Amino acid sequence: MAPTTTITPSAIPLPYTLFFLYIEPFFTALGAVYAFFLQHQYLTLTVPSNPLPPSLREQVVLNQLANLYLVFAVSEACVLRATKDVRVWKIFLVGLLIADFGHLASVWQVMGAGRGGAGYWEVWNYSKMDHGNLSFVYVGAMTRACFLLGIGLGGGTKRKTSRSK
């Protein structure tokens, strides 16, 4: 089998460790709490022009969304804690980067498409939820892209190479 390359825990740069193991899982889990337990507030923050309580249909969708957020948060926190194999981190982060693009595209459909981008790029007009749906996701996507490109993982890292039989 091919040799595996592992970066020792101390060699993964602190910004990546903090973001992927603590910051992002925390805020994603917080999104799950809002989507499951604070559904009316979640919807009002997402679509302020519609202050109605969630319908049964919306409750089911929000419960499913909360479950997905929770799976995302727990998976990221646990998988990346379980290994320091950069290949595993990269494979996992590619999946999350694809999800980031899907998330940003879904927000574009509501805030940008058909409006010439009005709203989508107007960061100064963002609500707290818009910052969560756009600003935070862009930061996550850029952090993942930097990791995938090897930025900060360069030549000075301690690497262990082992051959599996």
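Numbering (this note's numbering), first residue to last: 808 to 972.
All residues carry an ideal CB built from backbone N, CA and C; glycine is no exception.
Small disclaimer: the values here were computed from a predicted structure and weren't measured.
Note to self: Could you give the first and the last residue of the continuous alpha helix (DSSP H) run that contains residue 839?
What the structure shows: 831 to 844
Residue 820 and residue 884 - do their beta-carbons sit closer together than 8 Å? no
Between which two residues does the alpha helix (DSSP H) containing residue 897 stretch?
-> 893 to 918
Run through DSSP, which three-state label would residue 961 get?
coil
Should residue 919 and residue 909 be called a contact, given that it needs their Cβ atoms to be closer than 8 Å?
no
### Message
With three or more beta-carbon pairs closer than 8 Å as the criterion, would you say the stretch 941 to 953 touches the stretch 855 to 863?
### Response
no
Task: Close beta carbons around residue 972, own chain, < 6 Å, minus the five adjacent residues each side - done: Since pLDDT at residue 972 reaches only 47, below the 50 mark, its modelled position is unreliable, and no value is offered.
Exercise for the section: Sort 930, 916, 841 by Cα distance to residue 872 and report the nearest one. Expected result: 841
Rounded straight-line distance, which links the Cα of residue 853 to that of residue 859: 12 Å
### Task
Could you tell me if residue 844 is buried or exposed, where buried requires 16 or more neighbouring beta carbons within 10 angstroms of its beta carbon?
exposed
When you compare only the Cα positions, how much space is there between residue 929 and residue 941?
11 Å
In this structure, does DSSP put residue 927 in helix, strand or coil?
coil
Residue 889: buried (16+ other C-beta within 10 angstroms of its C-beta) or exposed? exposed
Query raised in the report: How many whole angstroms separate the CB atoms of residue 911 and residue 899, which I take to be in contact at a CB cut-off of 8 Å?
Result: The pair is not a contact, with the Cβ atoms about 19 Å apart (cut-off 8 Å).
| query | Can you tell which of 870, 944, 824, 837 has its C-alpha closest to the C-alpha of residue 749? | reply | This structure gives no information on residue 749, because the portion of the chain shown stretches from 808 to 972.
*asked:* At the level of alpha carbons, what is the spacing between residue 923 and residue 917?
replied: 12 Å
query: Under the three-state reduction of DSSP, which class applies to residue 823: helix, strand or coil?
result: helix
Q) Can you tell which of 878, 855, 827, 856 has its C-alpha closest to the C-alpha of residue 836? A) 878
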